[in-house]
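Worksheet: the structure to be examined is printed underneath.
Number of protein chains: 2
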Amino acid sequence: MNVPANLAEKLTTFTERFSPRTVAVYNDNDIMVAKLEGPYHWHKHDDTDDFFLVLRGTLDIELRDRTIRLNPGEVFVVPKGVEHRPVAHGEVHILLIEPTGTPNSGDKATAAPRIVA
Amino acid sequence: MNVPANLAEKLTTFTERFSPRTVAVYNDNDIMVAKLEGPYHWHKHDDTDDFFLVLRGTLDIELRDRTIRLNPGEVFVVPKGVEHRPVAHGEVHILLIEPTGTPNSGDKATAAPRIVA
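Quick mapping for you: the protein sequence lines, in order, are chains R and L. The first sequence begins at 1 in UniProt numbering and counts up one residue at a time. The second sequence begins at 1 in UniProt numbering and counts up one residue at a time.
Structure (structure tokens):
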């Protein structure tokens, strides 16, 4: 991983939605890119905040009491323990950061495998 | 901080070089934007990796044995303990992540104060 990662280039290497790819590692966190489309499911992470940076498209992060709308170049951190549902309007590309080993669905049984791009 | 941050907008709120501004907090890390211009000095962080994402311009991260060139949309993580010198070609905008309280110069005596944008 000790090389630079071009995010756009990494995003050309896969088409799967909601399947993050690790592009770098920072202090036991995975720096990942992902393609989203449509709604994900409601979930939360009890042990970690959830970092989103939108690279392309428009992403709503629904919280139980409000919706955060993110356009390219916008960042939002969902605090640990807070239920949220990402809803992607069309195809959306994001950079996300989570501690290595965090299940993306909030549940190890349903989590996507962690894949290095 | 529990609101979205538009990185370009945050970058319009200051002009100082090498003076990172915190735009969000993730698990005791500061998510920051900074403007760089010209060379910084050689330094290292013994306790943390150093995450760079270039948003605008061209940044060289000189290591003792090679130089990493980063253009917009490119990420590099300098591993902890590795000496490096950022050199910005003209005005460069970056997103960086460091544990809250990390001195940007690697030395508390010369570090820029941490400022919330």
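No residue lacks a Cβ here, since even glycine has one placed at the ideal position from N, Cα and C. Keep in mind that this is a model prediction, so the values were computed, not measured.
Practice item. Indicate whether the contact test is met: 3 or more Cβ pairs, each with one atom in the segment 95-105 of chain L and one in the segment 38-51 of chain L, closer than 8 angstroms. Key: yes
Point to revise | Partner residues on chain R for L/Asn6, Cβ-Cβ distance less than 7 angstroms | key: Gly73 and Glu74
Check your understanding: So is L/Thr48 in contact with chain B if we call contact Cβ pairs under 7 angstroms?
Key -> Included in the structure are the protein chains R and L, with no chain B among them.
**Study point:** Own chain residues within Cβ distance below 6 angstroms of R/Asp50, not counting five before or after
**Key:** Val78
Exercise for review: Just mark L/Glu9 as buried or exposed, buried being the case when its beta carbon has 16 or more other beta carbons within 10 Å.
Suggested key: exposed
Point to revise | Residues within the segment 6-28 of chain R neighbouring chain L, beta-carbon criterion of under 7 angstroms | key: Asn6, Leu7, Ala8, Val23, Ala24, Val25, Tyr26 and Asn27
**Study point:** Between the CA atoms of L/Arg64 and R/Asn29 - distance to the nearest angstrom
**Key:** 25 angstroms
Practice item. Helix, strand or coil for R/Lys44, going by three-state DSSP, please let me know. Key: coil
Check your understanding: Starting from R/Lys35 and walking both ways along the alpha helix (DSSP H), at which residues does that stretch end?
Key -> First-last for R/Lys35: Asn29 to Pro39, but that is the beta strand (DSSP E), not the alpha helix (DSSP H).
Exercise for review: To the nearest angstrom, report how far apart residue 179 of chain L and R/Asn6 are at their CA atoms.
Suggested key: With chain L represented from 1 up to 117, any question about residue 179 of chain L goes unanswered, as that position is not in the structure.
**Study point:** Beta carbon of L/Phe52 nearer than 7 angstroms to that of L/Leu11
**Key:** no
Point to revise | Given R/Val3 as reference, the closest of L/Gly90, L/Ile94, L/Ala117 and L/Val75 once Cα atoms are compared | key: L/Val75
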